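Novice: Reminder that position 142 of the sequence shown reads as 141 in numbering that gives the first Met the number 0, one-by-one numbering, no gaps.
Built from N, CA and C at the ideal position, the CB exists for glycine as well.
On a predicted model such as this, the values are computed, not experimentally measured, just so you know.
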Amino acid sequence: MKRADKTLIALLAEMPGTRTLPEPVRERIACEAYDSIHQRNEFVVRAGDPVHSWVGVADGLLKITNACRSGKVVMFTGVPSGGWFGEGSVIKTGVRRYDVIAMRPTRVIHIPRTTFRWLLDTSFEFNHFIIGQLNERLSQYLGMVEADRLTDPVARLARAISGMFNPVLYPNMGEKLPISQEELGELAGLPRQRANIAIKQLSAMGCVHAEYGSLVVTDLAALRNYQEREV
């Protein structure tokens, strides 16, 4: 069965953060959660929106961005299938501080704030997961600050690709990333032509192998070391 056709309870049994919870807990979450479908370039949430839910990607790909006063759009990260975002915003009060946009047709799961808080109050397992997410998210954003200074397109692309293979934030990711070269360029802040050249360079180094509509990471350690060396 395709993920787009699965019920919420079936998806929650597969998603990190909920799949290890007892079945009665997942059933309650499924009763209170809801999903939505977004086409390419549609907003999932906008900066300034009230925070009503914790959001997960059941199937598809999102990008998290922010527009500065100068007009420059800052790309924070991509969120692939199996990833969650916004736990910090749900814990705090206030509004979203970023835009989240679908990069392709995407199905997302919304766990309401009240359900999220109930899980924090009652589940040690869920608390452990959220603490891990928050810690890893901090490291991720510190890395983004450094990566924003990169001028080498190959280093920018290496950073964007390796970020999608974070084992804590995106544990469902295998060796193959279903993504187009255009989407990769968008995540790295590169024009499509420069992204294509950078992919060929990483492929020649043995880090990745490009296939139609996807990218196979053949040496993740080398990919991470490349971006770290260039920062």
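Would you tell me roughly how many angstroms separate the C-alpha atoms of residue 8 and residue 26, rounded to the nearest one?
Specialist: Cα to Cα, the separation comes out at about 6 Å.
Novice: Which residues mark the beginning and the end of the alpha helix (DSSP H) in which residue 34 is found?
Specialist: Element bounds for residue 34: not the alpha helix (DSSP H) but the beta strand (DSSP E), 33 to 37.
Novice: Under the DSSP definition of a beta bridge, which residues are partnered with residue 214?
Specialist: The partner list for residue 214 (beta bridge, DSSP) reads 176 and 209.
Novice: Can you tell which of 219, 12, 11 and 16 has its C-alpha closest to the C-alpha of residue 128?
Specialist: Comparing Cα-Cα distances from residue 128 to each of 219, 12, 11 and 16, the minimum goes to 16.
Novice: Measure the Cβ-Cβ separation of residue 63 and residue 99 and say whether it is below 7 Å.
Specialist: In this structure, residue 99 lies closer than 7 Å to residue 63 by Cβ.
Novice: Could you tell me which uninterrupted beta strand (DSSP E) segments, each at least 3 residues in length, are contained entirely in the segment 52 to 84, listed from first to last along the chain?
Specialist: Counting only runs of 3 or more, we get 52 to 58, 60 to 66 and 72 to 79.
Novice: Which residue's Cα is closest to the Cα of residue 116: 199, 51 and 196?
Specialist: Closest by alpha carbon: 51.
Novice: Where do the ends of the beta strand (DSSP E) carrying residue 49 lie?
Specialist: Looking at the DSSP string, residue 49 is not in any beta strand (DSSP E), and its letter there is neither H nor E.
Novice: Given residue 198, which residues of its chain have a CB within under 8 Å of its CB, disregarding the five upstream and five downstream residues?
Specialist: Contacts found: 156, 180, 183, 207, 209 and 214.
Novice: Helix, strand or coil, according to DSSP, for residue 155 in the structure here?
Specialist: DSSP places residue 155 in helix when its eight states are reduced to three.
Novice: Quick check on residue 12: does DSSP put it in helix, strand or coil?
Specialist: Reduced to three states, the DSSP call for residue 12 is coil.
Novice: Taking residue 80 as the reference, which of 205, 13 and 191 has the closest Cα?
Specialist: When each option's Cα is compared against that of residue 80, the closest is 13.
Novice: Return the Cβ separation of residue 32 and residue 152 in integer angstroms, given the expectation that the two are a contact with Cβ distance under 8 Å.
Specialist: Not really, about 40 Å apart at Cβ, beyond 8 Å.
Novice: Identify which residue in 47, 38 and 107 has its Cα closest to the Cα of residue 54.
Specialist: The shortest Cα separation from residue 54 among 47, 38 and 107 belongs to 107.
Novice: Figure out for me which residue from 122, 193 and 217 has the closest Cα to the Cα of residue 164.
Specialist: Nearest C-alpha to residue 164: 217.
Novice: List the endpoints of the continuous beta strand (DSSP E) containing residue 105.
Specialist: Residues 105 to 111.
Novice: Would you list the residues sitting across from residue 94 in a DSSP beta bridge?
Specialist: 49.
Novice: What is the DSSP secondary structure of residue 164, reduced to helix, strand or coil?
Specialist: Correct three-state label for residue 164: coil.
Novice: Taking the alpha helix (DSSP H) that residue 247 falls in, what are its first and last residues?
Specialist: One cannot answer for residue 247 here, as it falls past the ends of the chain, which runs 0 to 230.
Novice: Verify whether the separation of the beta carbon atoms of residue 104 and residue 38 is less than 7 Å.
Specialist: It is a contact, given that the beta carbons lie within the stated cut-off.
Novice: Buried or exposed: which applies to residue 95, given that a residue is buried once 16 or more other Cβ atoms fall within 10 Å of its Cβ?
Specialist: So residue 95 ends up on the buried side.
Novice: In angstroms, rounded to a whole number, what distance separates the CA positions of residue 20 and residue 196?
Specialist: Their backbone Cα atoms lie some 44 Å apart in a straight line.
Novice: Please classify residue 132 as buried or exposed, where buried requires at least 16 neighbouring CB atoms within 10 angstroms.
Specialist: Residue 132 is buried by the Cβ-count criterion.
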